[in-house]
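All remarks here apply to the structure that follows.
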Ligand code: ADP
Ligand code: ADP
Ligand code: ZN
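Numbering (the working numbering), first residue to last: 97 to 309.
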């Protein structure tokens, strides 16, 4: 399995990638999670990425491309689910080139379609576990114990970029810089459009059916 989970912020990429990786045993690769870890650890990459992430801007291509390549190399033969990468045409071209080198092209780009009102609702109520990356929602996906991660017991947080101003900026950045990728993948014939407004399980079933596995 070599798949990209695509869609605007809040569409459910991380949630569905988690479920798909459990079902298929593929590696869940989230550039957002890797970048947040770098920020938390105060690494060189983290120091560079921090101000972009807080404002909801994209981190420069060369930084994100290097991170994604290193991660893909580290998983070796395992399948993967890319979550939040690529986000620009330059990133997509670099990914295609890297996968072509090892003769392992992408099999599908799963595009999660959700309208903007619902995206704002999902993002503003999102809580995440910084330790393992698991996403929760104050209404639609509560943890068993309030404020604690079901998977690892970590303390859930409200991301700084899930506040109103950064949310609006991220949705604009998606429209301008990321949505053009839909045309790019449509041309390559691997785009699968998924109506992702339903609940988490329903969306999961739709994706599994669309992948035909
Ligand atoms: P993304 O990775 O695309 O930004 P997430 O997977 O983090 O999105 O989901 C965003 C928020 O919406 C989270 O709070 C998550 O719990 C919630 N969520 C995800 N999928 C659904 C769904 N189908 N219905 C309702 N809420 C959802
Ligand atoms: P979302 O829930 O919006 O999909 P992510 O966790 O994927 O959020 O990303 C959070 C932030 O990390 C982005 O707003 C951006 O600053 C940075 N980021 C993550 N992936 C990329 C990427 N592929 N290219 C550029 N910046 C990225
Ligand atoms: Zn956790």
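All residues carry an ideal CB built from backbone N, CA and C; glycine is no exception.
Check residue i in the structure and name its three-state DSSP category.
i	result
residue 99	strand
residue 260	helix
residue 126	strand
residue 288	strand
residue 177	strand
residue 251	strand
residue 338	In this structure the chain extends from 97 to 309, so residue 338 is not present and cannot be described.
residue 183	coil
residue 200	coil
Figure out for me which residue from the options has the closest Cα to the Cα of residue i.
i	options	result
residue 134	153, 117, 116, 160	160
residue 278	183, 99, 130	183
residue 214	106, 299, 300	106
residue 118	284, 176, 211, 236	176
residue 104	237, 211, 230	211
residue 230	102, 112, 98, 305	112
residue 236	124, 219, 187, 195	219
residue 123	241, 178, 265	178
residue 202	137, 156, 100	100
residue 269	132, 240, 148	148
residue 64	115, 158, 102, 97	A question about residue 64 goes unanswered here, because the residues of the chain that appear run from 97 up to 309.
residue 181	174, 191, 173, 172	191
residue 266	151, 281, 168	151
residue 167	280, 243, 127	127
residue 188	280, 221, 302	280
residue 121	98, 139, 137, 131	98
residue 169	238, 125, 141, 137	125
What first and last residue would you give for the beta strand (DSSP E) that runs through residue i?
i	result
residue 218	First-last for residue 218: 212–220, but that is the alpha helix (DSSP H), not the beta strand (DSSP E).
residue 204	204–209
residue 365	The chain is shown only over 97 to 309; residue 365 falls outside these bounds and no answer can be derived.
Following the continuous alpha helix (DSSP H) through residue i, name the residue where it begins and the one where it ends.
i	result
residue 283	277–284
residue 145	140–151
residue 114	109–120
residue 157	157–170
*Three or more C-beta pairs closer than 8 Å, one from the stretch 281–297 and one from the stretch 203–213: is that the case here?*
Segments in contact, yes.
_Pairs of beta-carbons, one from the stretch 250–264 and one from the stretch 272–286, closer than 8 Å: are there three or more?_
no
_the stretch 216–233 contacting the stretch 248–256, beta-carbon criterion three pairs below 8 Å_ = yes
_Below 5 Å from a heavy atom of ligand 3 - residues by beta-carbon_ = 225, 227, 228, 230, 245, 247, 248, 250
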